[in-house]
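Reading through the structure tokens given below for one structure.
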Amino acid sequence: MPPPSEAGEAPVDEVTTALRAIFDEAEVEGFVHARDIDADGEGAAREVAFHADAPVVVASLRKIAVAVAYARQAATGALDRAARHTITTANREGGGIGTDSCRHDVSMSTRDLAFFMLSMSDNAATDKLMEILGTDRVRAVATELGCPRLPVGRYRELWDPVWDELGLDLDGDIDAQLDRVSEDRIRGLAMLDPARSASSTPREITSLLTAIWRDQAGPAEACAEVRELLSHQLSVHRLIAGFDNEVKVAAKNGSLWGVLNEAAVVEYPDGGRYAVAVFLRTPALGGRNPAADAAIGRAARTAVEHLRRPPAATAP
């Protein structure tokens with residue numbers, strides 16, 4: 004495979020070679036973008052791009068836009084952070100993380116819905132927050148912030164077309180029915196094809212994170228709240244594991260069949276701040292994949308360390 008070549012992308016042969024080696028070793032397809040949040044302009048010393056403009060399935064990274072929409076409303080007083088809301092069977096898929104696996108209704112504040120959504124990627128909490136905010140509002144925020152193709156919708160809006168495509172009975176046991184679906188049919192789903200479904204790019208996602216960290220995604224209070232919420236992600240075995248303890252990492256991951264993603268902002272003790280997104284396509288549709296998980300952290304660190312090097316001197 005030749006080195007990635009994209010419009011406006013400066014050559015970064017050394018880092019491109021390193022990233023390709025990481026992905027080849029893990030036997031995955033990788034997409035990367037990293038940028039220095041506090042640098043103006045583009046260039047080899049300010050961004051790393053590896054298939055950075057390729058449309059990709061983002062999975063739960065869509066929840067970042069939901070968080071921004073929530074925080075904007077809360078910052079302007081249009082939404083009460085302390086108001087209580089009840090997650091019911093209408094919001095639950097069942098079998099997922101957090102309140103999605105609860106057997107009874109769960110009540111919590113608006114703010115805590117956002118916390119559960121980002122800290123543990125709770126789908127039921129996300130669905131409730133989407134119910135409160137409205138799909139149109141969240142979609143407008145995503146579009147305004149440069150992610151017009153982001154998959155914004157409530158759980159059933161996003162997943163009912165998948166079950167319909169597979170011919171599943173929604174009144175039956177979805178998991179049991181999925182066990183009988185072939186891998187080829189799963190791989191052929193429109194949801195997993197960026198050309199036929201909502202998507203984004205690594206560059207768009209790092210632009211979104213950069214706007215949040217620069218207080219450009221909404222009121223400063225809203226951006227600060229989203230930054231704080233992203234700092235509580237419980238999963239630390241992918242991108243976060245690529246950095247030492249003194250480096251602060253605020254991140255959001257996402258997974259689907261054959262999809263492992265993570266995007267983050269990493270902040271060094273010297274004040275350096277970098278937005279980085281690493282998206283993978285894996286041969287396996289599910290299950291544990293420690294090599295792929297490690298590749299996300301290694302690729303993120305490789306990209307960021309390249310940005311932290313002093314710019315090469317220009318020949319006279």
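Under the numbering used here, residues 4 to 319 are what the sequence shown spells out, in order.
C-beta: ideal position from N, C-alpha, C; glycine also.
Check	Outcome
Those residues which DSSP pairs with M322 across a bridge	Only positions 4 to 319 of the chain appear in the structure, and residue 322 is not among them; the question remains open.
Distance between Y158 and P2 (C-alpha atoms, nearest Å)	Residue 2 is absent from the model: the chain starts at 4 and stops at 319.
Neighbour-count burial assignment, G175, 16 or more Cβ in a 10 Å radius	exposed
Beta strand (DSSP E) runs wholly inside the segment 26-97, at least 3 long, in chain order	32-39, 50-53 and 87-90
Rounded separation between G290 and A297 - CA only	15 Å
Assigned secondary structure, L242 (DSSP; H/G/I helix, E/B strand, else coil)	coil
For N264, the three-state DSSP class (helix, strand or coil)	strand
Limits of the alpha helix (DSSP H) - the one that G156 falls within	Counting along the chain, G156 falls outside any alpha helix (DSSP H), and DSSP gives it neither H nor E.
D125 to G261 span [Cα, whole Å]	20 Å
Coarse secondary structure for A249, derived from DSSP in three states	What sits at residue 249 in the sequence shown is Glu, not Ala. Residue state, collapsed to three classes: coil.
Cβ separation of R241 and I299, assumed to be a contact under 8 Å, to the nearest whole Å	4 Å
Sequence-distant residues of its chain with Cβ nearer than 6 Å to P222 (five each side left out)	A78
In DSSP terms, what V307 is bridged to	In DSSP, V307 forms no bridge with anything.
Cβ shell of A318 (< 8 Å), same chain only, five flanking positions each side left out	At A318, the pLDDT of 46 sits below 50, so the modelled position is not reliable and the matter cannot be decided from this model.
CA-to-CA distance, V35 to A55, given in whole angstroms	5 Å
Endpoints, alpha helix (DSSP H) assigned at V141	T138 to E147
Same chain, Cβ closer than 7 Å to G98, five either side skipped, listed in chain order	S104 and D178
Local Cβ density within 10 Å of A70, reported as buried at 16 or more and exposed below that	buried
Simplified DSSP assignment, three categories, for V281	strand
Presumed contact (8 Å Cβ cut-off) between L136 and S203, rounded CB distance	About 19 Å separates the two Cβ atoms, so there is no contact after all.
Spatial distance of G33 from R284 (CA atoms)	7 Å
Three CB pairs or more closer than 8 Å across the segment 208-221 and the segment 51-68	yes
Alpha helix (DSSP H) segment containing L211, residue limits	P205 to W216
The ligand GTP heavy atom lying under 7 Å from the CB of D39	Although the ligand GTP was asked about, the structure shown includes no ligands whatsoever.
Nearest-angstrom Cα separation, counted from K131 out to V59	26 Å
Inter-residue spacing [alpha-carbon to alpha-carbon] between D187 and L169	11 Å
Residue span of the alpha helix (DSSP H) that contains A223, given as start and end	A223 to L233
Residue from V279, R199, V109 and T146 whose Cα sits closest to the Cα of G245	V279
Sheet register partners of A254 (DSSP bridge)	A267
Unbroken alpha helix (DSSP H) run spanning L181, endpoints	I177 to L181
L259 (DSSP reduced to helix, strand or coil)	strand
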